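Asks: Residue numbers (my numbering), protein chains in the order written: chain A, 239 to 597; chain B, 239 to 597.
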DNA sequence: GGCACGGGTGTGATCGCTAACAGCGAGAGC
DNA sequence: GCTCTCGCTGTTAGCGATCACACCCGTGCC
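#1: Taking the beta strand (DSSP E) that residue 520(A) falls in, what are its first and last residues?
#2: Quick one: which chain B residues come within Cβ less than 8 Å of residue 313(A)?
#3: Considering just the uninterrupted stretch of the alpha helix (DSSP H) at residue 378(B), what are its terminal residues?
#4: Kindly list the residues whose CB is nearer than 8 Å to the CB of residue 348(B), restricted to its own chain and excluding five residues on each side of it in sequence; keep chain order.
#5: How many angstroms separate the CA atom of residue 587(B) from the CA atom of residue 544(B)?
#6: List the residues of chain B that residue 342(A) touches, going by C-beta distances under 7 Å, in chain order.
#7: Taking the alpha-carbon positions, what's the residue 378(B) to residue 314(B) distance?
#8: Under 8 Å, CB to CB, which of the residues in the region 497-516 of chain B have a partner in chain A?
#9: Taking the Cβ atom as the reference point for each residue, do residue 416(A) and residue 576(A) lie within a distance shorter than 7 Å?
#10: Leaving out five residues on either side along the sequence, give the residues of the same chain with a beta carbon under 8 Å from the beta carbon of residue 598(B).
#11: For residue 355(A), list the residues DSSP reports as bridge partners.
#12: Thinking C-beta only, is residue 320(A) closer than 7 Å to residue 350(A)?
#13: Does residue 339(B) come within less than 7 Å of chain A when only Cβ atoms are used?
#14: Between the region 276-293 of chain B and the region 268-287 of chain A, do three or more beta carbon pairs fall short of 8 Å?
#15: Which chain A residues sit within Cβ distance under 7 Å of residue 464(B)?
#16: Indicate whether residue 445(A) and residue 502(A) have their beta-carbon atoms separated by less than 7 Å.
#17: For chain B, is any of its Cβ atoms less than 7 Å away from the one on residue 335(A)?
#18: Put residue 244(A) into one of helix, strand or coil per three-state DSSP.
#19: Determine whether the Cβ of residue 350(B) lies closer than 7 Å to any Cβ atom of chain A.
#20: Rounded to whole angstroms, what is the Cα-Cα separation between residue 344(B) and residue 556(B)?
#21: Could you check the C-alpha separation between residue 333(A) and residue 491(A) for me, to the nearest Å?
#22: Starting from the C-beta of residue 534(B), find all residues in its chain whose C-beta is less than 8 Å away, skip the five residues before and the five after it, and write them out in chain order.
#23: Just reading off the alpha helix (DSSP H) that residue 361(B) is part of, what are its end residues?
#24: Can you list, in chain order, the stretches of the alpha helix (DSSP H) that have 4 or more residues and sit fully within the region 494-572 of chain A?
#25: Output, in chain order, the set of chain A residues within a Cβ distance shorter than 8 Å of residue 266(B).
#26: At the level of alpha carbons, what is the spacing between residue 473(A) and residue 363(B)?
#27: In its own chain, which residues sit with a C-beta less than 6 Å from the C-beta of residue 356(A), not counting the 5 before and 5 after it?
#28: Near residue 440(A), which residues of its chain fall below 6 Å by C-beta distance, leaving aside the five closest residues on each side in sequence?
#29: Cα separation between residue 458(A) and residue 447(A)?
#30: Run down chain A in chain order and give the residues with a C-beta less than 8 Å from the C-beta of residue 392(B).
#31: Spatial neighbours of residue 470(A) within its chain, please: CB distance less than 8 Å, with the 5 preceding and 5 following residues excluded, ordered by chain position.
#32: Counting contacts by CB-CB distance shorter than 7 Å, is residue 376(B) in contact with chain A?
#33: Over what stretch of residues does the alpha helix (DSSP H) that includes residue 429(A) continue unbroken?
#34: Have a look at 398(A), 479(A) and 301(A) and flag the residue whose alpha-carbon is nearest the alpha-carbon of residue 266(A).
#35: Does any C-beta atom of chain B lie closer than 7 Å to the C-beta of residue 580(A)?
#36: Apart from the five residues on each side of it in sequence, which residues of its chain come closer than 8 Å, Cβ to Cβ, to residue 476(B)?
This is the structure:
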């Protein structure tokens, strides 16, 4: 806009354009190699029907001119952008950030580009806006890292045939494919571990009530207690932050009957550990604590945290694999698939038998 | 490549295509609104010379057809992709992830799309590959979140005129613009704080020696000790991880003369805190610890960590602002700018006067 | 010799959009 | 009354790639 480019037709000085500010294009390469632009295209796309000698000549010319193919032109004609979209929320947290990384890494290896659209909140409008932006970019598929119904519902508003995957959450009734870990099973692992140690019951510091992941963890915890005939203590609403863990932890620390706490993520556990420490209750001697996620830091908490491991990078990779399989056969209206990964319990020093039952 | 798309041409049934699988284009909107495609384009681009009535008619048609402009076509002709590239490394850590978020957020508000290229390692080849991928995408500028010389040098290999910004690190001799915090000043703040409390000297757990950020922090620490006439203890090589902090911390914990430790980031401090705890040295009563970054979790460490605050989101925003100003005037060969933000010391409970000088 | 075949290559049309220019009425100025 | 401007709109020509098709030429076969 600033300076009008000189009319391109203009002066054909016959051979070598003096200085082409915009890089070279296929025709330039073709001219230098003494072939047609179509042959250059064939070399670029690895068509078999090009003589080896010609191919080399073209490759040399491309190198000499530092040629880079214009993806916009390619996209325009092929209608394939080779670009995938990611919708993310709170991508500063370890989990989402790791999934983003896993996705991007897998996409690159599959020859795709990735554009991200983070949403500032989980309002419907933000999600639709993000979807719209990605569609404008002609993405060939969308992965949403934002495990709330608002988001997965928003995904339904994509043009028909655009494959979508919700990772980390999402309910299986969705029109989208989903990839997630089995949160209920993870919560069961954690709770059962504490019961097995001899704790009469297990308290729970939950995540936000409107997150399916948080609800599933509550559910797994509750099921396990119920199955064991243990009392089911009340659950207070919270966020995913250490601050919340601290607040809830402070409350629980005042109750001497509390000997075991299962936290819905590691941050909550961190806050709970501090609250317990300040209340003078020793972990794990007096109170056992279990987290969820197995963030790298959790191995260095005081004490090192027993926690449910979630392989975020793997989640990212799997979601991308699912998306690509969806791109592969768009016409085939097979129902969206749902991948559920099994979590594992990582045992560390924050859990032990209750005081009365120590060896 | 997997499955050949069916030939696009297909059946032209004369007038209204029965089901247009590929969404509507400008001509469809034009036909429905009874205008030319150029008028539609004018409405889309807010040209002034369109009658209000016509504009509304076009907007109605666009809504009715759920029209979305094809960005590839627009990019092809305008040579502006409205897309920015981000090169990231270890984007699972809080710092990089936050910067990424800050950049994406600012880009969106400025009307740009963002594509990310994470690099699996800091090898030169990876960086060049990432740059190449982004250039193919016709990005209008690149922000690199990867504060090592390998990366910033790789940025020099962009086509002339493509603005680049290195955020979080990078030396000022660069051809790229840079945005970073004043690491030396941050280290001085931390060290001086400990000296002011009365500690005879301050030990340092440093980051990787080949990261400029880590080196600058060492430098600030050393300067401050030197200016105060304090002894400068040796520094051992490390990584940025809690594990490293634990290892270094264990070593320092054995030396009873150690009363103050400045860690190059919060993860290192977390590891050090655990090592000190296990060695039976109380923080802050016997040993004071200061971190760097002020990650959200650090307020909930045991004890809550005194640390140097780094506003990652702001770094991201500033780097984007710098990039956009670079895009604004590409012809003007002004030297790249360098923005340096001042860090702040966040006082918490991990620092206190040494045992002998307690009130 | 004539003809089908197929590898290797060139030609034209096209994707959806914007830039440049042309056209066309209506009101202003002489 | 005639030009001149100006607001509004349509027409045409690309952007840089790919696709469909035509073409050439050597080979193998009848």
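Idealized CB from N, CA, C, for every residue including glycine.
Source: prediction; values computed, not measured.
Replies: Taking the coordinates as given:
#1: Counted as a single uninterrupted DSSP element, the stretch harbouring residue 520(A) is not any beta strand (DSSP E), since DSSP gives it neither H nor E.
#2: 310
#3: Taken as a continuous stretch (DSSP letters only), residue 378(B) belongs to no alpha helix (DSSP H), as it is neither H nor E.
#4: 558 and 562, listed in sequence order.
#5: 6 Å
#6: Those within 7 Å of residue 342(A) in chain B are 354 and 356.
#7: 13 Å
#8: Listed in sequence order: 505, 508, 509, 511, 512 and 515.
#9: yes
#10: Look at the range of chain B in this structure, 239 to 597, and you will see that residue 598(B) is not part of it.
#11: Residue 355(A) is bridged to 325(A).
#12: yes
#13: yes
#14: no
#15: What residue 464(B) touches in chain A: nothing, since even the nearest Cβ is about 32 Å away.
#16: yes
#17: yes
#18: Its pLDDT being 34, under 50, residue 244(A) is placed unreliably in this model, and the value from its coordinates should be taken loosely. If DSSP states are grouped into helix, strand and coil, residue 244(A) belongs with coil.
#19: no
#20: 9 Å
#21: 28 Å
#22: 332
#23: Taken as a continuous stretch (DSSP letters only), residue 361(B) belongs to no alpha helix (DSSP H), as it is neither H nor E.
#24: 504-516 and 550-566
#25: Under the 8 Å cutoff, chain A gives no residues; its nearest Cβ is about 14 Å from residue 266(B).
#26: 52 Å
#27: Closer than 6 Å at Cβ, skipping near neighbours: 326 and 329.
#28: 429, 432, 498 and 500
#29: 14 Å
#30: In chain order: nothing, as chain A lies at least about 16 Å away.
#31: 439, 460, 463 and 464
#32: yes
#33: 421-434
#34: 301(A)
#35: no
#36: 443, 444, 445, 446, 482, 483, 485, 486, 502 and 506
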